[in-house]
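In the numbering used here, the protein residues as written are 57 to 302. Even glycine gets a Cβ: it sits at the ideal position worked out from N, Cα and C.
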Amino acid sequence: MKLKLVYSLFFLLLLLACNPSFVKLKEEVNHFTIKESKESDRANKIISAYKANLDSETQKVIAIASDVLTKDKDQNPLGNFVCDALNFVGQKQFLSEEINLIIVNRGGLRNNLPKGEIRVLNIFELMPFDNEMVLVQIKGDKLLDGLKTILEKKHSFFGIELTVKNGVIIESSINGNPIDKSKTYSVVTSDYIANGGDSFNFLKNPIAIRASGTKIRDAIIEYCIELNKNGKQIIPYTDERLKISK
């Protein structure tokens, strides 16, 4: 009996030896911050090469502004400038279409442009999003419905003239002609608001929509380069496209 008990204990010990289990008796936690880590020369060399290449591109001067371009007030120089850029590039991208209207949403303009040298980096700060320029075709009745949204949110536009009195649009025209509810109009804007972003619901479900393959940011850069190439400065301005009275 004793011998059997000894064998049983031996067998149990053998099983435990083959399948060991552990009990955690103590836990130590060490905090190691990135600031304490030593810089890697190899990593720095790799990063420096990319940074130098990036800086050489983003620090390029592509235009000169005669003054600061801001997006203050109901009509603003910054929005007018971006509309001009989209009109310039849009005329080349959509050759078969007559562009009636350019719309730029106020919220998409994230930074003012400084007086003096305008660099590629400034345009990225102005337009950090990868929104694409598109052409949307809608009927005049939908456009008329959307004018209130443009006015209330102080969005920028080009190609249309609005007369406003006491906050109410009393007259709207394109090329001097009243907007025809049954006519089809071509609008160049961003794919973001063409899909109803920023409350532009009147642009959704259009008659047709055409992509350009060009980002809004790239269109602005192209326009800046064109101005600079021809010795022209960016001159902030407002005009009679929006007349507001009380």
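For the 9 Å CB-CB criterion, I235 and I216 form a contact. The C-beta distance from I158 to N143 rounds to 5 Å, short enough to fall under 8 Å.
The three-state reading of DSSP puts E296 in coil, since its state is none of H, G, I, E or B. If you ignore the 5 residues before and after D201, its C-beta comes within less than 6 Å of the C-beta of F258, all in its own chain and listed in chain order. If you draw a straight line from the Cα of S242 to the Cα of L134, it comes to about 23 Å.
In this structure, the beta-carbon distance from K116 to L165 does not fall below 9 Å. By DSSP's assignment, K271 forms a beta bridge with E188. Shortest Cα-Cα distance from L151 to any of N231, C139, V190 involves V190. For V176, the three-state secondary structure derived from DSSP is helix.
The residues I118, A119, A141, I174, I179, I290, in chain order, have a CB closer than 8 Å to that of C280 in the same chain once the five nearest residues on each side in sequence are set aside. By the Cβ rule, the region 284-301 counts as touching the region 216-231, because three or more pairs are nearer than 8 Å. Taking C-beta atoms under 8 Å as the contact rule, S268 and Q149 qualify, at a distance of about 4 Å. Pairing A264 with F256, the inter-Cα distance amounts to about 16 Å. Contact annotation: T294 and N136 have beta-carbon atoms nearer than 9 Å. Contact between D254 and N161 is confirmed by a C-beta separation of about 5 Å, below the 8 Å threshold.
Per the coordinates, the alpha-carbon of I276 lies some 10 Å from the alpha-carbon of L182. When the Cα atoms are used, F213 and L125 turn out to be separated by approximately 16 Å.
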